[in-house]
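2 protein chains.
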Amino acid sequence: MLSQNNLKLIRQLRQKKYREKTGLFIAEGEKIVTEALQQEQVKVKKLFFTDAHSPKLLKIGPDVDFFEVTEQEMKQISQLETPSTLLAVIQKPLTVFDDAVFKETVLAFDFIQDPGNLGTIIRTADWFGIHYIVCSRNSVDVYNQKVVQASMGAIFRTQVFFVDLKDFLTKARLLKTPVFGTFLSGENIYSVENSLHGIFLFGNESKGISPTLEAMVNKKITIPNFSRNENKTESLNIASSVAVICSEISRR
Amino acid sequence: MLSQNNLKLIRQLRQKKYREKTGLFIAEGEKIVTEALQQEQVKVKKLFFTDAHSPKLLKIGPDVDFFEVTEQEMKQISQLETPSTLLAVIQKPLTVFDDAVFKETVLAFDFIQDPGNLGTIIRTADWFGIHYIVCSRNSVDVYNQKVVQASMGAIFRTQVFFVDLKDFLTKARLLKTPVFGTFLSGENIYSVENSLHGIFLFGNESKGISPTLEAMVNKKITIPNFSRNENKTESLNIASSVAVICSEISRR
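Line by line, the protein sequences give chains D and W. Residue numbers for the first sequence, in our numbering: 1 to 252. Residue numbers for the second sequence, in our numbering: 1 to 252.
Put into structure tokens, the structure is as follows:
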């Protein structure tokens, strides 16, 4: 049964302010929720399932409150066009930022706005073995449900930090970690001689990298445009750019 | 002014059956509509603008009917969250399929469903100089407005064909055009020795390539998973996979 309190909680968690207040977020769908339940470090607090799923079939820890709900009730709490059979309320993990991050490959985002883009990027990063993602504080919330869904569970396997990017890049400079910035003009990513290790900075979907951060980039890189058309496509989608850059980093 | 007839037409064009019946589709937004007006081969039939835009500033051919509408009227016809100042009704181009396609690099899609994915893929293809895209007939319509928007105008610079993929691949075999299929296991894309020229086949977002088409692939290729996590991300987003494959094709 779906209580009024749970209905209210789940609806509130659609808003960032309630996610911040409670430290909780929502994940929906069989694949992602099953994965959340399987991973020890992911703390599922509440689980809602329609009768299609017996909780016996799922590995549910003793700390999980679980509730069977009707399909009608699932519709009330789901944000998917086609509601799934599982919805979980999950505790945000504690992410502790330490300087070890500066020794790893990091994807950094200046004001990324689209939740689908961020989720797809997290999925891509995990595929290519990149564990750390850093976003400016004005970026879309990583626990926005559209981000969670688009990440296809990769959100549980990567670390996403929200920081003051200016401070972060200042620290990188201090520690001599190279900062690569992706621009529409720069050194051809396929012929960059430097080892592709360090921080890879990407800009906002329409505005690119802000001038303040641009000044902190060690090397500007670009994905060359191969179009033969007179009117060229002006830019790649940010998630597509990230896929190309991650591919180049990993291939080498 | 927005007439009842135009309001009705634009609303009908949200549905594929009316786009097929009339041979028309919708594009919205300053960038994409301005681009449509600039390109000779794109036939804009009707143009709706709010008073923010003087039609004198736009290069409007004699065949374009144009209508100044209020912001309120634009809201009625727009499908964007934030309506733009321009909306165009455009005639679908005549795409004539000929065998020259088999000499070019082609991206082929078996039942691609998500309009955002297809639009992003068209944008990526154009960036990497790939002109031909072939989709199975059960794929999402390329003139779906979400596809048009996500393509960022690249839809005007590429050719997208809807065909019976089985017939298409049979013909490819006959003409000795190699067919590469993207799978979760196959030859590592980074170390494939063949020249990366031919048809690149991608499967449905959740079901992959159908068994019938799988049997017609000459070489299975894969983007290796670099994740060190025990629970790995199971797949890449299809638009991200396309970006990686296009990058590899172009880099070589």
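Ideal Cβ placement from N, Cα and C applies to all residues, glycine included. Fair warning: this is a prediction, and the values are worked out from it, not measured in the lab.
Among the options, the one whose alpha carbon lies nearest that of residue i
i	options	result
D:I133	D:T120, D:F109, D:K21	D:F109
D:I223	W:T85, W:A243, W:A100	W:A243
D:E40	D:V64, D:F49, D:Y18, D:L196	D:V64
W:M1	W:F67, W:K16, W:Q12, W:E28	W:F67
D:T95	D:G208, D:K171, D:A215, D:V163	D:V163
W:L213	W:K171, W:Q12, W:H131, W:R19	W:K171
W:V69	W:N138, W:R14, W:L7, W:N231	W:L7
W:G208	W:N218, W:L58, W:W127, W:S235	W:S235
D:Q91	D:D126, D:Q79, D:G129, D:V44	D:V44
D:T22	D:Q38, D:P93, D:E248, D:P115	D:P93
D:I245	D:I130, D:N231, D:N218, D:V217	D:I130
W:V42	D:S247, D:N231, D:K46	D:N231
D:N5	D:K46, D:K17, D:I122, D:E28	D:K46
D:S185	D:I122, D:N225, D:Q12	D:N225
W:R173	W:K17, W:V147, W:Y143, W:N218	W:N218
D:V148	D:F48, D:E28, D:F202	D:E28
Residue burial classification, residue i (beta-carbon count within 10 angstroms, cutoff 16)
i	result
W:V89	buried
W:A154	buried
W:Q145	buried
W:L118	buried
D:P211	exposed
D:A52	exposed
W:A215	exposed
D:F97	exposed
D:S191	exposed
W:D99	exposed
D:E81	exposed
D:S206	exposed
D:S3	exposed
D:E193	exposed
W:E71	exposed
C-beta atoms of residue i and residue j nearer than 7 Å
i	j	result
W:L86	W:E35	no
D:V140	D:Q159	no
W:F111	W:N204	yes
D:K220	D:F168	no
W:R252	W:L175	no
W:A150	W:T124	no
W:N188	D:R157	no
D:M74	D:P83	yes
W:F180	W:F161	no
W:S136	W:L107	no
D:T105	W:W127	no
W:L24	W:L37	no
W:S247	D:S247	yes
Beta strand (DSSP E) segment containing residue i, residue limits
i	result
D:K219	219 to 222
D:F162	159 to 163
D:I133	132 to 136
W:L87	86 to 91
W:L213	No beta strand (DSSP E) contains W:L213, which is instead part of the alpha helix (DSSP H) from 211 to 214.
D:A154	Unbroken run through D:A154: none, as it is neither H nor E.
W:F200	199 to 202
D:F109	106 to 109
Nearest-angstrom beta carbon gap, residue j and residue i [assumed within contact, 8 Å]
i	j	result
W:S227	D:S240	The pair is not a contact, with the Cβ atoms about 20 Å apart (cut-off 8 Å).
D:I77	D:I10	5 Å
D:T177	D:F102	5 Å
W:I26	W:M152	The pair is not a contact, with the Cβ atoms about 15 Å apart (cut-off 8 Å).
D:R14	D:Q79	7 Å
D:G116	W:G116	7 Å
Start-to-end residues for the alpha helix (DSSP H) that takes in residue i
i	result
D:Y18	16 to 22
W:D51	W:D51 -> no alpha helix (DSSP H), and no H or E assigned at all.
W:G181	That residue, W:G181, is in no alpha helix (DSSP H); its beta strand (DSSP E) goes 179 to 188.
D:S250	238 to 251
D:L37	30 to 38
W:Q4	4 to 12
W:V140	Per DSSP, W:V140 belongs to no alpha helix (DSSP H) and is neither H nor E.
D:A125	115 to 127
D:E68	Looking at the DSSP string, D:E68 is not in any alpha helix (DSSP H); the run it does join, the beta strand (DSSP E), is 65 to 68.
D:I77	71 to 77
Near the ligand NAP: residue i beta-carbon under 6 Å from a heavy atom
i	result
D:E28	With respect to the ligand NAP, the structure offers nothing, as it holds no ligand at all.
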